[in-house]
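Residues in the sequence shown are numbered consecutively from 32, following this note's numbering. The C-beta atom is built at its ideal place from N, Cα and C for all residues, glycine as well.
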Amino acid sequence: EQEEEILILYKVVDDGFLTPQLSDLEIGDTIWITAAGGEFTGDKDPAVWIATGTGIAPFYSMLRSGLGENKILLHGNRFLEQFNFYDEFHEALGQDYIRCCSAENGEEVYPGRVTAYLEQQDELNPALKYYLCGSADMVVEARDILISKGIPFGNIISEIYF
Numbered sequence: 032e033q034e035e036e037i038l039i040l041y042k043v044v045d046d047g048f049l050t051p052q053l054s055d056l057e058i059g060d061t062i063w064i065t066a067a068g069g070e071f072t073g074d075k076d077p078a079v080w081i082a083t084g085t086g087i088a089p090f091y092s093m094l095r096s097g098l099g100e101n102k103i104l105l106h107g108n109r110f111l112e113q114f115n116f117y118d119e120f121h122e123a124l125g126q127d128y129i130r131c132c133s134a135e136n137g138e139e140v141y142p143g144r145v146t147a148y149l150e151q152q153d154e155l156n157p158a159l160k161y162y163l164c165g166s167a168d169m170v171v172e173a174r175d176i177l178i179s180k181g182i183p184f185g186n187i188i189s190e191i192y193f
């Protein structure tokens with residue numbers, strides 16, 4: 032089903048090529064886009080979603096597309112105010128929505144990075160797929176942690192957000 036609008040989640044990078052231009056847009060402005068590409072799409076199977084920063088965007092799209100059932104979301108940010116789509120994920124996933132915050136403490140928030148949370152897990156299910164989206168550093172470090180804990184390389188799907 033096609034929606035009437037699209038949402039674009041971005042963080043302005045002052046010397047970036049695209050985000051300064053996006054931040055200058057106003058409601059009603061026209062932009063040209065291409066069809067979605069790539070293979071970071073997800074499915075209805077149980078899985079673990081791991082995101083930092085604006086890397087949460089594809090998971091929000093998957094959630095809105097009806098793929099949120101049987102998912103665990105590990106969501107990391109520096110500050111509590113940066114948890115985009117918190118209400119939607121909390122409502123849909125309940126206790127399977129785990130926030131990790133590295134610079135602030137909060138209620139029902141793991142105090143630290145996503146990678147530290149993963150390191151502390153005694154058992155991870157090797158049969159699940161693990162979707163990683165965020166900074167290159169997080170994706171590489173999380174992938175290495177998952178592999179060290181017995182997750183097959185083929186069950187790790189990643190997308191790097193700059």
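From Ile187, Asp45, Asp175 and Gly165, residue whose alpha carbon lies closest to that of alanine 88: By 1-based counting over the sequence shown, the position of residue 88 is 57. It is Gly165 whose Cα lies nearest to the Cα of alanine 88.
Go ahead and label tyrosine 141 buried or exposed: buried means 16 or more other beta carbons lie within 10 angstroms of its beta carbon, across all protein chains shown. Position 110 of the sequence shown holds residue 141. It is buried - the Cβ of tyrosine 141 has at least 16 other Cβ atoms within 10 Å.
Quick test of your reading: threonine 85 and valine 145, contact by CB under 8 Å. State the CB separation rounded to the nearest angstrom. One-based indexing of the sequence shown puts residue 85 at position 54. One-based indexing of the sequence shown puts residue 145 at position 114. In fact, because the Cβ distance is near 14 Å, the residues do not count as touching under 8 Å.
Length of the line joining the Cα atoms of leucine 53 and isoleucine 64: Position 22 of the sequence shown holds residue 53. Position 33 of the sequence shown holds residue 64. Roughly 12 Å separates the two Cα atoms.
Which ranges does the beta strand (DSSP E) cover as unbroken runs of at least 3 residues, wholly within the segment 61–102, from first to last along the chain? 78–83
Alpha-carbon spacing of alanine 134 relative to asparagine 108, whole angstroms: Locating residue 134 in the sequence shown gives position 103, counting from the first residue. Locating residue 108 in the sequence shown gives position 77, counting from the first residue. About 8 Å.
Nearest neighbour of isoleucine 103, chosen from Phe120, Phe114 and Ala173 [CA to CA]: Stepping through the sequence shown from its first residue, residue 103 is reached at position 72. Checked all of Phe120, Phe114 and Ala173; the closest Cα to isoleucine 103 is Phe120.
For serine 189: DSSP bridge partner residues: Here the question's residue 189 lines up with position 158 in the sequence shown. Its beta-bridge partners are Leu163.
Mind checking whether isoleucine 129 and leucine 149 have CB atoms under 8 Å apart? Locating residue 129 in the sequence shown gives position 98, counting from the first residue. Locating residue 149 in the sequence shown gives position 118, counting from the first residue. Not a contact, by the Cβ cut-off of 8 Å.
Leaving out five residues on either side along the sequence, give the residues of the same chain with a beta carbon under 6 Å from the beta carbon of isoleucine 191. Walking along the sequence shown from the start, residue 191 turns up at place 160. Excluding residues within five positions, the ones whose Cβ falls inside 6 Å are Ala167 and Val170.
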